[in-house]
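Accompanying notes for the structure given below.
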Amino acid sequence: QRPVKALALHSNFSRKATRQFASGGLAAQLLLNEKGWFLNKDKVVHSGEGPIYSIAWSESLIAWSNDVGVKIFDNTSGQRITFIDRPKGSAR
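Count the sequence shown with this note's numbering and you get residues 741 to 832, in order.
As C-alpha coordinates, then:
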(Lines of atoms letter the chains of each structure in order from A and count residues from 1; the text may use other names and numbers.)
(Lines give C-alpha, C1' and ligand atoms only; values in the text may rest on other atoms or scores of the structure.)
Protein backbone atom coordinates (compact mmCIF):
# COMPACT_ATOMS: atom_id res chain seq x y z
CA GLN A 1 0.00 0.00 0.00
CA ARG A 2 1.15 3.52 -0.79
CA PRO A 3 0.46 6.70 1.23
CA VAL A 4 -2.98 8.33 1.05
CA LYS A 5 -2.83 11.90 -0.29
CA ALA A 6 -6.56 12.71 -0.52
CA LEU A 7 -9.75 11.77 1.33
CA ALA A 8 -13.40 12.81 1.00
CA LEU A 9 -16.33 11.80 3.22
CA HIS A 10 -19.91 11.31 2.01
CA SER A 11 -22.06 14.28 3.08
CA ASN A 12 -24.14 11.98 5.35
CA PHE A 13 -21.13 10.09 6.73
CA SER A 14 -22.05 10.65 10.38
CA ARG A 15 -25.80 10.04 9.93
CA LYS A 16 -25.95 6.81 7.91
CA ALA A 17 -25.64 3.22 9.11
CA THR A 18 -23.17 2.53 6.28
CA ARG A 19 -20.40 5.09 6.05
CA GLN A 20 -18.83 5.86 2.68
CA PHE A 21 -15.61 7.67 1.90
CA ALA A 22 -13.31 7.99 -1.10
CA SER A 23 -9.52 7.88 -0.82
CA GLY A 24 -6.59 8.08 -3.19
CA GLY A 25 -2.88 8.67 -3.23
CA LEU A 26 0.45 7.52 -4.60
CA ALA A 27 -0.89 4.04 -5.50
CA ALA A 28 -2.66 5.72 -8.47
CA GLN A 29 -6.08 4.36 -7.43
CA LEU A 30 -9.31 6.02 -6.36
CA LEU A 31 -10.99 3.75 -3.81
CA LEU A 32 -14.60 3.95 -2.66
CA ASN A 33 -14.89 2.50 0.84
CA GLU A 34 -18.12 1.51 2.54
CA LYS A 35 -18.16 0.46 6.19
CA GLY A 36 -21.06 -0.68 8.34
CA TRP A 37 -21.93 -3.09 11.13
CA PHE A 38 -21.28 -6.25 9.10
CA LEU A 39 -19.95 -4.67 5.92
CA ASN A 40 -16.47 -3.59 4.90
CA LYS A 41 -16.25 -3.10 1.14
CA ASP A 42 -13.54 -1.46 -1.00
CA LYS A 43 -14.15 -0.72 -4.68
CA VAL A 44 -11.56 0.58 -7.16
CA VAL A 45 -13.31 3.37 -9.08
CA HIS A 46 -10.29 4.41 -11.16
CA SER A 47 -6.63 3.44 -11.54
CA GLY A 48 -3.56 3.73 -13.70
CA GLU A 49 -3.21 7.45 -14.45
CA GLY A 50 -0.85 8.61 -11.73
CA PRO A 51 -1.31 9.69 -8.12
CA ILE A 52 -4.62 11.12 -6.89
CA TYR A 53 -3.98 14.66 -5.59
CA SER A 54 -7.41 15.83 -4.47
CA ILE A 55 -10.98 14.53 -4.09
CA ALA A 56 -14.28 16.39 -3.68
CA TRP A 57 -17.65 14.75 -2.95
CA SER A 58 -21.03 16.48 -3.34
CA GLU A 59 -24.29 14.48 -3.08
CA SER A 60 -23.71 11.54 -5.47
CA LEU A 61 -20.86 13.11 -7.48
CA ILE A 62 -17.19 12.43 -6.76
CA ALA A 63 -14.50 14.50 -8.52
CA TRP A 64 -10.76 13.81 -8.36
CA SER A 65 -7.60 15.13 -9.95
CA ASN A 66 -4.51 13.28 -11.11
CA ASP A 67 -1.62 13.86 -13.53
CA VAL A 68 -3.94 13.65 -16.57
CA GLY A 69 -6.75 15.96 -15.40
CA VAL A 70 -10.01 15.96 -13.45
CA LYS A 71 -12.63 13.22 -13.63
CA ILE A 72 -16.20 13.16 -12.26
CA PHE A 73 -17.97 9.95 -11.19
CA ASP A 74 -21.67 9.46 -10.33
CA ASN A 75 -21.82 7.14 -7.32
CA THR A 76 -25.56 6.46 -7.78
CA SER A 77 -25.32 5.18 -11.36
CA GLY A 78 -21.76 3.86 -11.01
CA GLN A 79 -20.60 5.64 -14.17
CA ARG A 80 -17.90 8.14 -14.96
CA ILE A 81 -19.57 11.32 -16.22
CA THR A 82 -16.84 13.52 -17.66
CA PHE A 83 -13.13 14.24 -17.98
CA ILE A 84 -11.47 17.66 -17.96
CA ASP A 85 -8.01 17.61 -19.53
CA ARG A 86 -5.12 19.26 -17.68
CA PRO A 87 -3.68 22.12 -19.76
CA LYS A 88 -0.05 21.67 -20.81
CA GLY A 89 2.39 23.40 -18.51
CA SER A 90 -0.10 23.85 -15.69
CA ALA A 91 0.80 23.14 -12.08
CA ARG A 92 -0.77 20.24 -10.29
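For every residue, glycine included, the Cβ atom is placed at its ideal position computed from N, Cα and C.
Compare the C-alpha of residue i against each of the options and name the closest.
i: ASN806; options: ASN815, SER817, THR816 and PHE823; result: PHE823
i: GLY790; options: LEU801, LEU766, ASN773 and THR816; result: LEU766
i: GLY788; options: GLY764, GLU774, ARG759 and LYS828; result: GLY764
i: LYS781; options: PHE761, GLY829 and VAL808; result: PHE761
i: HIS750; options: VAL808, GLN769, VAL810 and SER798; result: SER798
Helix, strand or coil for residue i, going by three-state DSSP, please let me know.
i: PHE778; result: coil
i: PHE813; result: strand
i: LYS745; result: strand
Would you mind sorting residue i into buried or exposed? The rule is 16 or more other CB atoms within 10 Å of its CB.
i: PHE709; result: Because the chain here runs from 741 to 832, residue 709 falls outside it and cannot be looked at.
i: GLY818; result: exposed
i: LEU772; result: buried
i: TRP729; result: Nothing about residue 729 can be reported from this structure: the residues present for the chain run from 741 to 832 only.
How big is the Cα-Cα spacing for residue i and residue j?
i: PRO827; j: THR758; result: 38 Å
i: THR816; j: ILE802; result: 10 Å
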